[in-house]
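Undergrad: Here it is: the structure, laid out below.
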Amino acid sequence: MSGSLNLTAILVTDSVGICILLILMFTKGWYMPTRKKESTLLFALMTAALFNCASDAFASICDGTPGPVYRTVLMIGNTYLFLFNLIVGIGILFLIVKHIDQKMPKLLYVFFAVIGIIEVSLLIVNLFTPVVFSLDENNYYKRENLYAIFIIAGLLLIAYGYISYFVSKIRNPALGYFPAWQFLLPILLAVTVQSYVYGISLLPVSFSVAFAGLVTSLQNESIYIDKLTGVSNRYELDKMQKRVLRRKPEKIAALMLDLNGFKQINDNYSHEEGDKALVAFATILVNTMRYEGRIIRFAGDEFVIIIRKFEGDDIEPYKQRILKAVEEYNETSGKPYKLSCAIGGTTFEYIGQDLNTILSKIDTLMYTDKNEYYKTHNSRHGR
Numbered sequence: 002m003s004g005s006l007n008l009t010a011i012l013v014t015d016s017v018g019i020c021i022l023l024i025l026m027f028t029k030g031w032y033m034p035t036r037k038k039e040s041t042l043l044f045a046l047m048t049a050a051l052f053n054c055a056s057d058a059f060a061s062i063c064d065g066t067p068g069p070v071y072r073t074v075l076m077i078g079n080t081y082l083f084l085f086n087l088i089v090g091i092g093i094l095f096l097i098v099k100h101i102d103q104k105m106p107k108l109l110y111v112f113f114a115v116i117g118i119i120e121v122s123l124l125i126v127n128l129f130t131p132v133v134f135s136l137d138e139n140n141y142y143k144r145e146n147l148y149a150i151f152i153i154a155g156l157l158l159i160a161y162g163y164i165s166y167f168v169s170k171i172r173n174p175a176l177g178y179f180p181a182w183q184f185l186l187p188i189l190l191a192v193t194v195q196s197y198v199y200g201i202s203l204l205p206v207s208f209s210v211a212f213a214g215l216v217t218s219l220q221n222e223s224i225y226i227d228k229l230t231g232v233s234n235r236y237e238l239d240k241m242q243k244r245v246l247r248r249k250p251e252k253i254a255a256l257m258l259d260l261n262g263f264k265q266i267n268d269n270y271s272h273e274e275g276d277k278a279l280v281a282f283a284t285i286l287v288n289t290m291r292y293e294g295r296i297i298r299f300a301g302d303e304f305v306i307i308i309r310k311f312e313g314d315d316i317e318p319y320k321q322r323i324l325k326a327v328e329e330y331n332e333t334s335g336k337p338y339k340l341s342c343a344i345g346g347t348t349f350e351y352i353g354q355d356l357n358t359i360l361s362k363i364d365t366l367m368y369t370d371k372n373e374y375y376k377t378h379n380s381r382h383g384r
């Protein structure tokens, strides 16, 4: 295998990877206003991937150049490339799981730690005894037996990403806007091909292609996401109706929610505080419903929840869960005002009815609930 690196192919693929990443970074497709932490992580991973493409090209150019200086450069460079694949592989998986589930399972941290400890330990040992890769007397790179451990670890990370995505998609059909399997695919193909074909380097460019798919998916998803609260917007209702129409009839529950006294919050504490109240309420709904229903900001302080394939008798248990969650928020928020909401909803067999008819019905039920609230509260400030 010595001296068999295809330098031209490696330089071309790394250059393509660099171009893709630069375009993504300069167009700011990675930026998500409602998820700034995810945006920061995504940008950091893209920056690391850019540096990886450059490092891979440099190491390939230096490969086979005799001398102690080049030997040191190649040992450091190739060790970094192995380490990079670990860090960015974990980073991409972390980003996917966090974006899908909004939280990280504790077991996943253990999974990351075990893989990280094994790979870092092997790379440290490799500095003294070649077990992962070696350099011959002419400084040509060569794979060693434990190289396979890194391939297996990469496949395990990808497999976890696929399992996490498909399990979550069963619970949340809206993940069609964030098809994680598509941007994991180029990495999977690169790992597989590079394992069997020596002399090419596909992983750096595969990360770039994966990031391009990730950014495209996020931008597509953002069309249906409310910029303030991070939940779905009204366009999602139209999209959802089209999806349901293509399927057989199913039982669906629909709820309309409206903040009581929202105008009073705006008038007394500023519109900025009103926005914070909306974000807090949306967060309560997300945490309460999780995968059970799709949460949509319908208009202003009105929200709609659609629960497909509903198996209960009525929406009362959901109503009580939401009201309890709002009460728990009020106890710890430290705000000078208390959140309160009116809720109206019903269940129905969806067989293609006009969506506006359904919305009108739950809107009427919501106002009935709101009128009951204002019988014992000051309604002078309206909604």
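Counted from 1, the sequence shown has number 177 at position 176 by the numbering used here; the numbering is strictly sequential.
Think of the CB as a built atom: it goes at the ideal place given N, C-alpha and C, for glycine as much as any other residue.
1) On the DSSP letters alone, give me the boundaries of the beta strand (DSSP E) that S135 sits inside.
2) Pick out whichever of T348, F299, I285 and I323 has its Cα sitting closest to the Cα of I308.
3) Would you tell me roughly how many angstroms separate the C-alpha atoms of E332 and G18, rounded to the nearest one?
4) Which value, in whole angstroms, describes the spacing of the CA atoms of F151 and L215?
5) Would you call C20 buried or exposed, if buried means 16 or more other Cβ atoms sit within 10 Å of its Cβ?
6) Which residue's Cα is closest to the Cα of P131: E145, T230 and M33?
7) Should the region 225-242 be called in touch with the region 42-49, which here means at least 3 C-beta pairs below 8 Å?
8) Start and end of the beta strand (DSSP E) containing L109?
9) Within the same chain, show all residues whose beta-carbon is closer than 7 Å to that of G65, passing over the 5 residues directly before and after it, in chain order.
10) Mind listing, in chain order, the continuous beta strand (DSSP E) runs of no fewer than 3 residues lying wholly within the region 241-282?
11) Indicate whether L340 and F282 have their beta-carbon atoms separated by less than 8 Å.
12) Could you give the C-beta distance for V133 and Y148, rounded to a whole number, given that I count them as a contact under 8 Å?
13) Distance, Cα to Cα, A278 vs N267?
14) Alpha carbon to alpha carbon, how far is D355 from Y197? Give it in angstroms, no decimals.
15) Can you tell which of G345, A154 and I101 has its C-alpha closest to the C-alpha of A114?
16) Just reading off the beta strand (DSSP E) that L313 is part of, what are its end residues?
17) Drop a sphere of 10 angstroms on the beta-carbon of Y110, count the other beta-carbons inside from all chains shown, and report buried for 16 or more, exposed for fewer.
18) Going by beta carbon distance, what residues of the same chain come within less than 7 Å of I344, once the five residues before and after it are set aside?
19) Could you tell me whether the region 198-212 touches the region 19-33, where touching means 3 or more Cβ pairs closer than 8 Å?
20) Please report the distance separating the alpha-carbon of L82 from that of G90.
21) If you count every other CB in all the chains shown that lies within 10 Å of the CB of A160, and 16 or more means buried, which is it?
22) Apart from the five residues just before and just after Y225, which ones in its own chain have a Cβ nearer than 7 Å to its Cβ?
23) Am I right that I11 and I201 are in contact with their C-beta atoms under 8 Å? What's the rounded C-beta distance?
24) In whole angstroms, what is the alpha-carbon distance linking K38 and Y166?
25) Kindly give me the distance between the Cβ atoms of L386 and A58, rounded to whole angstroms, as I take these residues to be in contact under 8 Å.
26) Taking the alpha carbon of D137 as the reference point, which residue from I101, G68, N372 and P205 has its own alpha carbon closest?
27) Find out if the Cβ-Cβ distance for the pair Y330, I296 is shorter than 8 Å.
28) Would you call the CB atoms of N86 and L185 closer than 8 Å?
29) Buried or exposed for S218, please, with buried defined as at least 16 other CB atoms from any protein chain shown within 10 angstroms of its CB.
30) What does the Cβ neighbour count give for H382, buried or exposed, with the cut at 16 atoms within 10 Å?
31) Using the rule of at least 16 other Cβ atoms within 10 Å of the residue's Cβ for burial, across every protein chain shown, is G346 buried or exposed?
32) In terms of DSSP beta bridges, what is R298 paired with?
33) Please say whether S169 and M33 have beta carbons closer to each other than 8 Å?
34) Where does the unbroken beta strand (DSSP E) through E350 begin, and where does it stop?
35) What I want to know is whether the C-beta of L96 ends up closer than 7 Å to one or more non-hydrogen atoms of the ligand ADP.
TA: If we stick to the structure as given:
1) Walking along the sequence shown from the start, residue 135 turns up at place 134. If you look at S135, you'll find it in the beta strand (DSSP E) that goes F134 to L136.
2) Taking the sequence shown and counting its residues from 1, one reaches residue 308 at position 307. Among T348, F299, I285 and I323, the Cα nearest to that of I308 is on T348.
3) Here residue 332 is taken as the residue at index 331 of the sequence shown, counted from 1. Here residue 18 is taken as the residue at index 17 of the sequence shown, counted from 1. Distance from the CA atom of E332 to the CA atom of G18, rounded to whole angstroms, is 51 Å.
4) For the purposes of this step, residue 151 is identified with residue 150 of the sequence shown, where counting begins at 1. For the purposes of this step, residue 215 is identified with residue 214 of the sequence shown, where counting begins at 1. Answer to the nearest angstrom: the Cα atoms are 24 Å apart.
5) Taking the first residue of the sequence shown as 1, we reach residue 20 at position 19. Label assigned to C20: exposed.
6) Position 130 of the sequence shown, counting from 1, holds the residue named residue 131. Considering only alpha carbons, the answer is E145.
7) Contact between the region 225-242 and the region 42-49 is absent, because fewer than three Cβ pairs lie under 8 Å.
8) For the purposes of this step, residue 109 is identified with residue 108 of the sequence shown, where counting begins at 1. Note, L109: premise wrong, no beta strand (DSSP E); alpha helix (DSSP H) at K107 to N127.
9) Here residue 65 is taken as the residue at index 64 of the sequence shown, counted from 1. Once the five neighbours on either side are set aside, the close Cβ partners of G65 are G4, N139, N140 and Y141.
10) List check, beta strand (DSSP E) in window: 251-260.
11) Start at 1 with the first residue of the sequence shown, and residue 340 comes out as number 339. Start at 1 with the first residue of the sequence shown, and residue 282 comes out as number 281. Yes; because the gap between Cβ atoms is below 8 Å, this pair is in contact.
12) By one-based count along the sequence shown, residue 133 stands at place 132. By one-based count along the sequence shown, residue 148 stands at place 147. Contact between V133 and Y148 is confirmed by a C-beta separation of about 6 Å, below the 8 Å threshold.
13) Residue 278 sits at position 277 when you count from the first residue of the sequence shown. Residue 267 sits at position 266 when you count from the first residue of the sequence shown. Put simply, the backbone Cα of A278 is about 9 Å away from that of N267.
14) Sequence index remark: in the sequence shown, residue 197 carries index 196 (1-based). Sequence index remark: in the sequence shown, residue 355 carries index 354 (1-based). So the alpha carbons of these two residues sit roughly 55 Å apart.
15) Stepping through the sequence shown from its first residue, residue 114 is reached at position 113. Its Cα nearest to that of A114, the residue A154 stands out among G345, A154 and I101.
16) Locating residue 313 in the sequence shown gives position 312, where the first residue counts as 1. According to the sequence as given, residue 313 is Gly; it is not Leu. Element bounds for G313: n/a, residue is neither H nor E.
17) Start at 1 with the first residue of the sequence shown, and residue 110 comes out as number 109. Taking a 10 Å sphere around the C-beta of Y110, we find fewer than 16 other C-beta atoms and assign the residue as exposed.
18) Locating residue 344 in the sequence shown gives position 343, where the first residue counts as 1. Only L256, L258, K320, I323, M367 and D370 meet the Cβ criterion.
19) Three or more pairs of CB atoms, one per stretch, sit closer than 8 Å, so the region 198-212 contacts the region 19-33.
20) Numbered from 1 along the sequence shown, position 81 holds the residue referred to as residue 82. Numbered from 1 along the sequence shown, position 89 holds the residue referred to as residue 90. Answer to the nearest angstrom: the Cα atoms are 12 Å apart.
21) Locating residue 160 in the sequence shown gives position 159, where the first residue counts as 1. Counting other Cβ atoms within 10 Å of its Cβ, A160 stays below 16 and is therefore classed as exposed.
22) Residue numbering aside, residue 225 sits at position 224 when the sequence shown is read from its first letter. Setting aside the 5 residues that flank it on each side, Y225 is surrounded in the same chain by Y178, S233, N234, Y236, E237 and K240, each with a C-beta closer than 7 Å to its C-beta; the list follows chain order.
23) For the purposes of this step, residue 11 is taken as the residue at position 10 of the sequence shown. For the purposes of this step, residue 201 is taken as the residue at position 200 of the sequence shown. About 7 Å separates the Cβ atoms of I11 and I201, confirming a contact at the 8 Å cut-off.
24) Translated into positions along the sequence shown, residue 38 becomes position 37. Translated into positions along the sequence shown, residue 166 becomes position 165. Cα-Cα distance, rounded: 20 Å.
25) Any answer about residue 386 is impossible in this case: the structure gives the chain only from 2 up to 384.
26) Counting from 1 along the sequence shown, the entry for residue 137 is found at position 136. Considering only alpha carbons, the answer is G68.
27) To locate residue 330, count along the sequence shown from 1; it is residue 329. To locate residue 296, count along the sequence shown from 1; it is residue 295. Pairing Y330 with I296 gives a Cβ-Cβ distance that is not under 8 Å.
28) Position 85 of the sequence shown holds residue 86. Position 184 of the sequence shown holds residue 185. Here N86 is not near L185, since their CB atoms are 8 Å or more apart.
29) Against the sequence shown, residue 218 aligns to sequence position 217. When all chains shown are included, S218 counts as buried.
30) Position 381 of the sequence shown, counting from 1, holds the residue named residue 382. With a pLDDT of only 47 at H382, under the threshold of 50, the placement of this residue in the model should not be trusted, and no figure is reported.
31) Residue 346 sits at position 345 when you count from the first residue of the sequence shown. Flag for G346 reads buried.
32) In the sequence shown, residue 298 corresponds to position 297, counting from 1. In the DSSP output, where bridge partners are listed per residue, R298 has F304.
33) Position 32 of the sequence shown, counted from the start, is the residue given in the question as residue 33. Position 168 of the sequence shown, counted from the start, is the residue given in the question as residue 169. Not in contact: M33 and S169 (Cβ atoms no closer than 8 Å).
34) Residue numbering aside, residue 350 sits at position 349 when the sequence shown is read from its first letter. Element bounds for E350: C342 to Y351.
35) Among the ligands in the structure shown, none appear at all, so the ligand ADP cannot be discussed.
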